Amino acid sequence: MKLVLGIGNPGGSYEGTRHNVGYRVLDALASREGGRWRRDERLRSEVCDLERARLIKPLTYVNRSGEAAAAALESGPADRILVVCDDVYLQAGRLRLRPSGSDGGHNGLKSLIEKLGTKDFARLRVGVGAPESGTDLAEHVLGPFRPEEEAAIAQALGIATEVCGAWIERGFLPARELLSRLLSNPKKEQDE
C-alpha cells in the first residue's frame, strides 16, 4: 500500500499556519475521497485509509515526522511514500515534485531521512514564501499566510491534491506530468 505523509504540527493553534500545508493537502484529499480520519497510537498519527493508499498526519510535530514514517513503512521500501511539506524557498503557492533529494533545511524532511535511512522518497513541496527581512524563520512558518497570499495557496492546495491522487493511482511520472500540465494551465485542467 502506498503512503502519503503530510508534515505538520497537531493542535488547533497550528491550523492554517505555513508549516501545516502538508496537513491541509491531506485533509483535502481525504475529503475528496470520502475518507475518515482516526487516531493510530502505534503510528502516533492520524490515519485515513483509502482504497489504494494510507494518508498519515504525524502527531509528533514537524521535527519528529520520521518516527511515524518509519513505523508506517515497517522496513518496506521508501519509494512507497510521498511526503507533502512546506518550503520557504519557494514563492507562496509554487509547487515542486521530486523523486528524492536533500532535506533542504526542512527539519521534518531531515527527520524522515534520518529515520528511513535514505533520501530516496518522493516529496511534494508547497511554497509558503520566505520570511520578510528581520522576521524569525520559526515565527514565519508557525504564522498564518498573509491575505494577499491566500488565493495562490488555495490554488496550490487544489493542484497538490490532484497530484497526490495521480501519484497514488498511477505513480511518480504521471503525477509529475499532471503537475506540469496543471501549472501551465490550472483553470482549464481543474474545470474538466
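If you're matching positions, the sequence shown starts at 204 in my numbering and goes up one per residue.
Glycine residues also receive a C-beta, built at the ideal position from the N, C-alpha and C atoms.
Quick caveat: nothing in here was measured; it's all calculated off a predicted structure.
Which same chain residues, not among the five before or five after residue i, have their C-beta less than 7 Å away from its C-beta?
{"i": "Leu293", "result": "Arg299, Arg328, Gly330"}
{"i": "Ala355", "result": "Ala295, Gly296"}
{"i": "Thr263", "result": "Arg247, Glu270, Ala271"}
{"i": "Asp306", "result": "Leu312, Lys313, Ile316"}
{"i": "Asp243", "result": "Val250"}
{"i": "Arg245", "result": "Ala274"}
In angstroms with no decimal places, state the Cα-to-Cα distance between residue i and residue j.
{"i": "Arg235", "j": "Glu254", "result": "13 Å"}
{"i": "Lys313", "j": "Glu351", "result": "30 Å"}
{"i": "Ser278", "j": "Thr338", "result": "40 Å"}
{"i": "Ala231", "j": "Ala333", "result": "24 Å"}
{"i": "Arg379", "j": "Glu335", "result": "31 Å"}
{"i": "Phe324", "j": "Arg349", "result": "31 Å"}
{"i": "Leu180", "j": "Leu229", "result": "Residue 180 lies beyond the residue range present for the chain, which begins at 204 and ends at 395; the question has no answer from this structure."}
{"i": "Asp252", "j": "Trp240", "result": "8 Å"}
{"i": "Met204", "j": "Pro302", "result": "18 Å"}
{"i": "Asn388", "j": "Arg373", "result": "21 Å"}
Excluding the 5 residues preceding and the 5 following residue i in the sequence, name in chain order all residues of the same chain whose CB lies nearer than 8 Å to its CB.
{"i": "Leu276", "result": "Leu206, Arg283, Ile284, Leu319"}
{"i": "Gly304", "result": "Lys322, Arg326"}
Could you check whether residue j and residue i sit closer than 8 Å to each other, using their CB atoms as the reference points?
{"i": "Arg227", "j": "Leu382", "result": "no"}
{"i": "Val287", "j": "Ala363", "result": "yes"}
{"i": "His309", "j": "Arg221", "result": "no"}
{"i": "Val265", "j": "Leu340", "result": "no"}
{"i": "Gly219", "j": "Pro347", "result": "yes"}
{"i": "Ala273", "j": "Ile371", "result": "no"}
{"i": "Leu258", "j": "Gly237", "result": "no"}
Between residue i and the rest of its own chain, which residues show a CB-CB distance below 6 Å, the 5 nearest in sequence each way excluded?
{"i": "Gly225", "result": "Gly209, Ile210, Gly211, Val287, Cys288"}
{"i": "Asn213", "result": "Checking the sequence shown, residue 213 turns out to be Pro, not Asn. Cβ neighbours of Pro213 beyond the five flanking positions: Leu262."}
{"i": "Tyr217", "result": "Asn223"}
{"i": "Cys367", "result": "Val207, Leu232"}
{"i": "Ala281", "result": "Leu319, Thr321, Asp323, Phe324"}
Buried or exposed: where does residue i fall if 16 or more other Cβ atoms within 10 Å of its Cβ makes it buried?
{"i": "Leu376", "result": "exposed"}
{"i": "Pro261", "result": "buried"}
{"i": "Asn223", "result": "buried"}
{"i": "Ser268", "result": "buried"}
{"i": "Ala396", "result": "Given a span of 204 to 395 for the chain in the structure shown, any question on residue 396 remains unanswerable."}
{"i": "Glu353", "result": "exposed"}
{"i": "Ala357", "result": "exposed"}
Subject >> Whole alpha helix (DSSP H) elements within the region 316 to 390, 4-residue minimum >> reply: With a minimum length of 4 residues, the continuous alpha helix (DSSP H) runs that stay inside the region 316 to 390 are 340 to 344, 353 to 373, 375 to 387.
Subject >> Continuous beta strand (DSSP E) assignments of at least 3 residues falling wholly in the region 263 to 324 >> reply: Listed in chain order, they are 284 to 290, 298 to 301.
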